[in-house]
Ligand code: C2E
Ligand code: MG
Ligand code: MG
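In our numbering, the protein residues as written are 504 to 1202.
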């Protein structure tokens, strides 16, 4: 390749061809020079063979005229030496021989000469010969260049060609093709039997068939297959062959191309893989899951076995994202995917079908107990396991929904939908549990979508309302505060309790607007009553997501400023479950809120799983005893022991106690006796609209 580019350069740089004349006879030399100059060539001369070779090396002339008979180094020797410098024979060398000197002519060609001219020189023939030689040289040069281009193009395309002479069973390939494929046959001649072993075993029959059909039936072919050379990785090749027949119509040659398409195939494989896998966890995605499920259903139809699909959703996953960041969330998803892998068997599929939603497909379930075992094992392991992310330990719980074939449907999509509906049910029941699909769930999914839409409209159209439930001082029975409780008047379904739409708002993210609205409205209303002269503290419930939100810290003081309300007059309520989700972060967050001067209370105390050590670290002002413990008081068999213990504990921690859900005088008296400071419940009043609450204030 280098040689040729060198020639190209020499040709390009020189407009007038340069001729080298080597002859010991000074007269002949000058005659030749004259003749050449007449033809407008440039000429250099050398008086002997060795100087001639030297000039050839230095100047790389376009043509050489070389005398045979010279002292010291004769013409043959000089010619050989020049050819050593020019193995591709790009420069024509014309030898000057004596008339009828046949041996010299032969020896000249042996030494690498291109042509000869006899002495004495016939000058008119001389110029023809020279011109002809130069033209041949130019043509030769063009040909070489084209061949080089083709070779280069073939190399780039990793494409080669071959001929198969079917009579002699010999393959002919240009140099480089076998090397390209990594095949080494030691330069020997070879036939079909020598090539076939390089084809990987699974593809061998197909390849053999194609070649035999070409030979025996004259059929052309196109085939993709793999080849394998010992010590190398598999390669993919694409072959295309045409058949050349003789006069009798029998196959004479098969001529084909072979292309190494390994790189292309790998790219294709990768794209295919990406289309069917989740990028983050590399698990099969929803498309592949549906595909495998459909396949499993077909098999199960015949075998009569069951197929199960489990949809698994990580509870309150958004909290990880919002408190530790998205990278941490992603890490957790990867760890969770690895975790699930321990529970499935070969042939079962784990898939990631949504943000924090996974699915397990059990393809053939001989015994439903295996499914129960799987669920139990996952739960048990999750209970004991902490996922470590960025030096934080994160505990997870999951909601699972299960659908079965043939019980719950016969189509893949239908079953996935059913499992999803069941999972939503598990979520709605508070998460950390599993639900099997039941036939009325589809309607509920539909309802849920409608509800979501309606709720969005309600928030946009300010169709939500706050009710206020009074909290009274246990000694004076005067109203000292109230809890703001949100209400939604649905145009068709009437009053919908917060238990039904707060979780929905959380899941869909609508809680952001809803929460902001509640916060502002409660502060506005309280500021108004304060301006009328009432001294009140309003309890405002924070949802999990709202508590995790960053802008809460800014929102609260802004609103207090806007409505000119003292921070002391609001009491932000969070539940234990929310605080314990990521206790370390909650401590930080609560301290930030505390610095704003607001009160903080622990709602529904006793229903979660606070550890006391954390409770000590939360900067709280109020504990709200959950209604369930209050209910216990005065009931048959109830002792109120828990309520009593909670009050004692709260006092030891210097916390004020509010009892929720007080409905009877018996309860009231009991709580008063044991030191509870504030009472909230139907005994005093149900939560009521603002105008009605105002009437209660005025009493
Ligand atoms: P919570 O914060 O524990 O609120 C107390 C719930 O107990 C209220 O139910 C109230 O109506 C009810 N209650 C009060 N006294 C009695 C009683 O004597 N007997 C009985 N049976 N019930 C009583 P509600 O209004 O249905 O709210 C339920 C939950 O919804 C609240 O529990 C709170 O967690 C949540 N919630 C309500 N409003 C909001 C809000 O604006 N934002 C957020 N994030 N959550 C809210
Ligand atoms: Mg509350
Ligand atoms: Mg409560």
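Even for Gly, the Cβ is constructed at its ideal location relative to N, Cα and C.
query	result
Check: residue 1106 C-beta below 7 Å from any heavy atom of ligand 2	yes
Residue range of the unbroken alpha helix (DSSP H) whose run includes residue 783	Note, residue 783: premise wrong, no alpha helix (DSSP H); not H, not E.
Residue 1171: CB within 7 Å of a non-hydrogen atom of ligand 1	no
Length of the line joining the Cα atoms of residue 524 and residue 567	6 Å
Residue 942 versus residue 922: straight-line alpha-carbon distance, rounded	11 Å
Residue 614 vs residue 579 beta-carbon contact at 8 Å	yes
Residue 635: first and last residue of the uninterrupted alpha helix (DSSP H) it sits in	626-660
Cα-Cα separation between residue 1201 and residue 1036, rounded to whole angstroms	11 Å
Boundaries of the beta strand (DSSP E) in which residue 747 is found, first to last residue	738-748
Helix, strand or coil at residue 1072 according to DSSP, with G and I counted as helix	helix
Contact set for residue 540: own chain, Cβ-Cβ below 7 Å, skip 5 residues either direction	546
Stretch pair the stretch 818-829 + the stretch 905-920: three plus CB contacts closer than 8 Å	no
Pick from 670, 684 and 685 that is closest to residue 695, judged by C-alpha positions	670
For residue 622, the three-state DSSP class (helix, strand or coil)	strand
Euclidean distance between Cα positions of residue 704 and residue 896	51 Å
Exposure of residue 1143, with buried meaning 16 or more beta-carbon neighbours within 10 Å	buried
Whole-angstrom C-beta distance between residue 538 and residue 629, which should lie under 8 Å	6 Å
Cross-strand partners of residue 756 (DSSP beta bridge)	668 and 747
Whole runs of the beta strand (DSSP E) within the stretch 965-1052, excluding any shorter than 3 residues	967-976, 982-993, 997-999 and 1040-1044
Beta-carbon proximity of residue 632 to residue 597, cut-off 8 Å	yes
Cα-Cα separation between residue 681 and residue 612, rounded to whole angstroms	34 Å
When 913, 775 and 1186 are compared against residue 803, the one with the closest alpha-carbon	913
Secondary structure of residue 522, DSSP reduced to three states	strand
Coarse secondary structure for residue 720, derived from DSSP in three states	helix
Proximity test, residue 1046 beta-carbon vs ligand 1 heavy atom, cut-off 7 Å	yes
For residue 1104: DSSP bridge partner residues	1076 and 1125
Nonlocal neighbours in the same chain, by C-beta distance under 6 Å from residue 1106, ignoring five residues either side	1076, 1078 and 1127
Identified DSSP bridge partners for residue 860	816 and 857
In DSSP terms, what residue 675 is bridged to	666
Touch test, the stretch 782-799 against the stretch 745-762, Cβ-Cβ under 8 Å, three pairs minimum	no
According to DSSP, residues forming a beta bridge with residue 727	741
Chain-order list of residues whose beta-carbon lies under 6 Å from that of residue 881 (same chain, five-residue window excluded)	846
Closer than 7 Å: residue 983 CB and nearest ligand 1 heavy atom	no
Beta strand (DSSP E) segment containing residue 938, residue limits	937-939
Burial state of residue 1102, where buried means 16 or more other Cβ atoms lie within 10 Å	buried
Pairwise C-alpha distance: residue 1056 and residue 836	29 Å
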